[in-house]
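Visitor: Residue numbers (the working numbering): 2 to 127.
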Amino acid sequence: MLQEIFDLERTWREGPDSGESDEYEQIYVTAFLLFLTGDPADSCRLYGAKFRTSDMDLGIGFDAQAIFGAGRHETLRWLAENGYTDECAHLSEWLLYAEDPRIEDWARQVRDYFYSPNGVLLLDQL
């Protein structure tokens with residue numbers, strides 16, 4: 002279900018009707034939930050949202066750290082073993098030069114952003 006929601010959100014974001022909506026956080030929440038699931042097969046889906054999108058805001062705002070829910074080595078191994086050699090090479094290089102914040106720190110920051118008392122999800126419920 003998370004995969005389907007993510008795909009629907011990406012389609013909406015890349016479509017002509019997304020416009021200036023306040024509903025832009027859903028894809029990031031869903032990406033974080035997929036990250037927490039830790040299935041390396043989701044790495045292609047998440048990679049596409051970051052690096053193969055027609056939506057500039059999504060390409061810039063989507064954190065590449067979300068791709069590595071299964072772990073660095075597990076994700077890269079899955080990509081290599083399943084024929085995604087270009088993605089594997091690109092992410093390997095990204096890990097060498099661009100991992101800031103580190104994946105573990107990023108996950109804590111995102112969790113705090115969405116689920117802390119001052120987080121987006123809880124503020125919306127006030």
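Virtual Cβ for every residue (Gly too), placed ideally from N, Cα, C.
State the DSSP-derived secondary structure class of D8, mapped to helix, strand or coil.
Guide: The count along the sequence shown starts at 1 and reaches residue 8 at position 7. D8 falls in the helix class under three-state DSSP.
Visitor: Less than 8 Å between the beta carbons of T76 and S44, yes or no?
Guide: Numbered from its first residue, the sequence shown carries residue 76 at position 75. Numbered from its first residue, the sequence shown carries residue 44 at position 43. Cβ distance < 8 Å, so T76 and S44 count as in contact.
Visitor: My guess is that D113 and A71 are in contact by the Cβ rule of under 8 Å, so how many angstroms apart are they, rounded?
Guide: Within the sequence shown, numbered from 1, the residue matching residue 113 stands at position 112. Within the sequence shown, numbered from 1, the residue matching residue 71 stands at position 70. With a Cβ gap of about 22 Å, D113 and A71 do not count as contacting.
Visitor: Go ahead and label R11 buried or exposed: buried means 16 or more other beta carbons lie within 10 angstroms of its beta carbon, across all protein chains shown.
Guide: Sequence index remark: in the sequence shown, residue 11 carries index 10 (1-based). Flag for R11 reads buried.
Visitor: Ends of the alpha helix (DSSP H) at E26?
Guide: Numbered from 1 along the sequence shown, position 25 holds the residue referred to as residue 26. First-last for E26: undefined, no H or E at that position.
Visitor: Within the same chain, show all residues whose beta-carbon is closer than 7 Å to that of L37, passing over the 5 residues directly before and after it, in chain order.
Guide: Here residue 37 is taken as the residue at index 36 of the sequence shown, counted from 1. Here the set comprises G70.
Visitor: Mapping the DSSP letters down to three states, classify A99 as helix, strand or coil.
Guide: As a first step, residue 99 is located in the sequence shown; it is residue number 98 there, counting from the start. Here A99 sits in coil by DSSP.
Visitor: How is the alpha helix (DSSP H) around R53 delimited, first residue to last?
Guide: For the purposes of this step, residue 53 is taken as residue 52 along the sequence shown, with counting starting at 1. Neither: R53 is in no alpha helix (DSSP H) and is coded neither H nor E.
Visitor: So within the stretch 49-94, which uninterrupted alpha helix (DSSP H) runs reach at least 4 residues, ignoring any that extend past its ends?
Guide: DSSP runs (the alpha helix (DSSP H)) wholly in the stretch 49-94: 57-62, 73-82.
Visitor: How big is the Cα-Cα spacing for R14 and L47?
Guide: Residue numbering aside, residue 14 sits at position 13 when the sequence shown is read from its first letter. Residue numbering aside, residue 47 sits at position 46 when the sequence shown is read from its first letter. Taking the straight line joining both Cα atoms gives about 14 Å.
Visitor: Go through its chain and collect everything with a Cβ distance to Q27's Cβ below 7 Å, but skip five positions before and after it.
Guide: As a working mapping, residue 27 is identified with position 26 in the sequence shown. The residues are E10.
Visitor: How should A32 be labelled, buried or exposed, when 16 other C-beta atoms within 10 angstroms of its C-beta is the threshold for buried?
Guide: The sequence position of residue 32 within the sequence shown is 31, counting from 1. It counts as buried.
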